[in-house]
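Take the sequence shown: its position 106, counting from 1, is numbered 127 in the numbering used here, and each next residue is one higher.
Idealized CB from N, CA, C, for every residue including glycine.
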Amino acid sequence: MKILVTGGLGFIGSHTVVELQNEGFEVVIIDDCSNSSEEVLKGITAISGKTPIFEKIDLKEKESVSDFFKRHDDIQGVIHFAASKAVGESVEKPLLYYENNIATLVYLLKELSNKDNSNFIFSSSCTVYGQADKMPITEDAPVKPAESPYGNTKQIGEEIIRETCKVTDGLNAIALRYFNPMGAHPSAEIGELPIGVPQNLVPFITQTGVGLRQELSVFGDDYPTSDGTCVRDYIYVVDLAKAHVQALQRLLERKNSENYEVFNLGTGKGSSVLEVIHSFENVSGEKLNYKIVDRRAGDITEAYADTTKANEVLGWKAQYSLDEAMKSAWDWEQKIRSQS
Ligand code: WQD
22 MKILVTGGLG
32 FIGSHTVVEL
42 QNEGFEVVII
52 DDCSNSSEEV
62 LKGITAISGK
72 TPIFEKIDLK
82 EKESVSDFFK
92 RHDDIQGVIH
102 FAASKAVGES
112 VEKPLLYYEN
122 NIATLVYLLK
132 ELSNKDNSNF
142 IFSSSCTVYG
152 QADKMPITED
162 APVKPAESPY
172 GNTKQIGEEI
182 IRETCKVTDG
192 LNAIALRYFN
202 PMGAHPSAEI
212 GELPIGVPQN
222 LVPFITQTGV
232 GLRQELSVFG
242 DDYPTSDGTC
252 VRDYIYVVDL
262 AKAHVQALQR
272 LLERKNSENY
282 EVFNLGTGKG
292 SSVLEVIHSF
302 ENVSGEKLNY
312 KIVDRRAGDI
322 TEAYADTTKA
332 NEVLGWKAQY
342 SLDEAMKSAW
352 DWEQKIRSQS
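Take a look at the structure:
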C-alpha cells in the first residue's frame, strides 16, 4: 500500500513516516524543505531500515501536484502535514499562511476528488477551540474565532474538507486535532529541529538546559490555574504518529461511520508551565534557569483534551508520560548539540 505523506520531513511527519514503514506501508514523501531538511531521510532510514521515496515539490504549484498524482496513480492514502505553523509569523504574514496552508489543500483535494476512492488524514490543531469554556475539551466543543491566521487556516481547512466530503462520495477524511506535540524518537535519530529561536516551550527548555539559551522566560504566572501558569496537554510525538497510522487504517478498512470525522489527540492530562519545567529538572537532574515575565499576547489559560472519542472510537490511547516524552526531548537536544 503506497501512502503519500506531505511534509514528511517535518517534526510530526517524519515520526509518522517511521510508524507507517514499521507497519509495512510504502511511503512517498512530498516536502518543499522550506522548514525541514533532506537529512531527515537518513534518520528515518536508520530507524525503520527503509528509505521512503522523496520528491521535493512545492504544493503551491498546481501543475506539479497534478503531475505527481499522474506518476503515482497507486496512492491509497494521503496524510497531509505540509503547512506553515508559526502562530506569531502568521500574524505578520497572513497571505503567506493563507496561500501555503489553504491553496495547497485545495490542489490536493482536487486530485483526490478525481479518484474513485481516497483516504485523507488532515493535520489540524486544538487551536481551533481557542479558549474552550469547559475542560476537558471534547470534539463537539464550539470552534471559536481564531486568534491567528495560522489557527484560522486550520479552521478553514477543516471546513473545506467537510464541505468537499459532503459532495464527493469517494473521499473519506479524518481531521486530527493535536494538542501540544513534544519530544523526539527514542532512538534520537529524528526529533524537532526548530529553526532560530524556538517559539514553543519544550524546545526552549531543552535549549536552555544545554546552554544554547541563557534562561527561559515564563510568560505569566497570574493565570487562574493551580500555580498561576498556563496549562496545556503535552502529547509525545511517537504517540501522535501512531494515532495517524490508526486513523489511516480506520479509513482503509472502511471502519469510519461518516466520510468526515474529527478526533482530539491529547493525553487527557493538563500540565502547567512550571510542571513542565519540573519534569525537565527531574529527567535531566539539572536546575533550569528561568524567570517569570509578562503574559504573551494571544495565550489561552488552559487546554487539555477529552480523549474518550479517540480511545473508544479510533481505538488509540497515548501511552507515554510527560517525563518519558521530556526525557526523549532532552536526549535529542544533547545529541544534536554534540554534533553541531
Ligand atoms: C505552551 C505554554 C506559553 C514558550 C502553539 C500553537 C499550537 C501548536 C503548539 C501548531 C504557553 C508557555 C512558551 C516560552 C513560555 N502549534 N511558554 N515560555 O502556544 O500552547 O501552542 O504551539 O499546531 O497551534 O498555538 O504552545 O509551546 O508556544 O506554549 O512560558 O518561551 O508555554 O505561554 O502557556 P501553545 P507553546
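- By the beta-carbon neighbour count (other beta carbons within 10 angstroms, threshold 16), residue 245 is exposed.
- In the same chain as residue 298, and ignoring 5 residues on each side of it, the C-beta atoms closer than 8 Å to its own belong to 226, 237, 239, 309 and 311, in chain order.
- The C-alpha of residue 67 lies about 41 Å from the C-alpha of residue 316.
- The DSSP-derived three-state label of residue 22 is coil.
- Judged by the Cβ position, residue 106 qualifies as a neighbour of the ligand WQD at the 8 Å threshold, a heavy atom of the ligand being closer than this.
- For residue 298, the uninterrupted alpha helix (DSSP H) run begins and ends at 294 to 305, by DSSP.
- Annotated as distal: residue 59 and residue 231, with beta-carbon spacing of 9 Å or more.
- DSSP places residue 167 outside any alpha helix (DSSP H), giving it a letter other than H or E.
- Judged by their CB atoms, residue 349 and residue 124 are not nearer to each other than the 9 Å cut-off.
- In chain order, 171 place their CB closer than 7 Å to the CB of residue 106, counting only its own chain and leaving out the 5 sequence neighbours on each side.
- The DSSP-derived three-state label of residue 101 is strand.
- The alpha-carbon of residue 126 is positioned some 7 Å away from that of residue 178.
- By DSSP's assignment, residue 312 forms a beta bridge with 238.
- Sequence-distant partners of residue 91 (beyond 5 residues in either direction) whose C-beta falls short of 7 Å from its own C-beta are missing from its chain.
- Within the chosen limit of 8 Å, the ligand WQD reaches the beta carbon of residue 146 through at least one heavy atom.
- In this structure, residue 351 keeps its C-beta atom at 9 Å or more from the C-beta atom of residue 264.
- Taking a cut-off of 8 Å for Cβ pairs, the region 85 to 105 and the region 150 to 164 do not touch, as fewer than three such pairs fall below it.
- About 7 Å separates the Cβ atoms of residue 147 and residue 285, confirming a contact at the 8 Å cut-off.
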